[in-house]
Amino acid sequence: GVGSCPFRGGFSPKNLSVLDEFPSVYTFTAQSAFKYDYEFGDVRRAIKRAKEAARRKSDYVDEEHLQVAEKLKDGYRRRIAKIAEIVNRISSRIPRRRMRKLHVGLFGYSRGEEIKLPRAITFCASLYSIGLPSEIIGIAEMSDKDYEAVCEVFKNFDGMMESAMSLFNPESLKIVDLSMDFERAKELFGYEPDERHLEKTNEIIKQIDGDIKNLVVEAGILRGFLG
């Protein structure tokens, strides 16, 4: 199962590159955003193309690439500790298609800390609703060599990240200090904001402690997924 959000796989009627990223996978689950947040004709054409896509053996991922993933994972986990409070604060205002339990102890630390976070859809929705794409978390740890290594095995890495960056709102940095990640992401992928989404997330940020559920849904409609 892959969602339309880049962080959750990026499988949407407008982006079927995931079929090439995972060439040996035969079954892709079309989740809610794929089925209901796009034009009917676009959905039908995308499903037809997915069914007809040729399958083959996956590309080889060697130890060097896995080491890059481990390095970036560590930076990601450190930042999660800093943003958990704001994620949980916003998550209570995210509309739910179905109730989801919190992840408890998803990220463990040597001093015995446990961090509670909502599940993936609500996690992403909480961050995207303030214009903070979850894809950029920890990206400052990525060296030029790391970037080249990732691009070798993640063919549409640039495209996915450019899509995510278009939904970034610099005002979110006043709430969560991930400025180094934003600057590195901008250096690697550029920054051309979606002005309508920028405006909507500005409204959410201004009313962050109020009733923002309708605004959250409106922002989700603009980007084509909730989280």
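Per this note's numbering, residue 2 is the first one in the sequence shown, and the count goes up by one each step.
No residue lacks a Cβ here, since even glycine has one placed at the ideal position from N, Cα and C.
- Taking C-beta atoms under 8 Å as the contact rule, V19 and F12 qualify, at a distance of about 5 Å.
- The Cβ atoms of M166 and Y192 sit closer than 7 Å to each other.
- About 4 Å separates the beta carbon of G228 from that of C125, a gap short enough to meet the 8 Å contact definition.
- Residue range D145 to V154 is occupied by the alpha helix (DSSP H) that includes E153, with no beta strand (DSSP E) assigned at that position.
- S13 carries a strand assignment under DSSP once its states are collapsed to helix, strand and coil.
- DSSP assignment within the region 29-116 yields the following whole beta strand (DSSP E) runs of 3 residues or more, N-terminal first: 104-109.
- Excluding its 5 nearest sequence neighbours in each direction, L216 has C-beta neighbours in its own chain below 6 Å: E204 and I205, listed in chain order.
- Three or more Cβ pairs drawn from the region 175-192 and the region 148-162 lie within less than 8 Å of each other, which places the two stretches in contact.
- For V3, the pairing in a beta bridge is given by DSSP as A31.
- Between G139 and R80, the CB-CB gap stays under 7 Å.
- The region 17-32 makes contact with the region 58-68, as at least three CB pairs between them are under 8 Å.
- Remark: C-beta atoms of P96 and V3 do not approach each other more closely than 7 Å.
- Cβ contact annotation for Q208 (same chain, cutoff 8 Å, sequence separation greater than five): L216, in chain order.
- The shortest C-alpha to C-alpha distance from E40 to any of A220, I122, S5 and P14 is the one to P14.
- For A165, the enclosing alpha helix (DSSP H) stretches over residues F158 to M166.
- Judged by beta-carbon spacing, G132 lies beyond the 7 Å limit of T30, meaning their Cβ atoms are not closer than that value.
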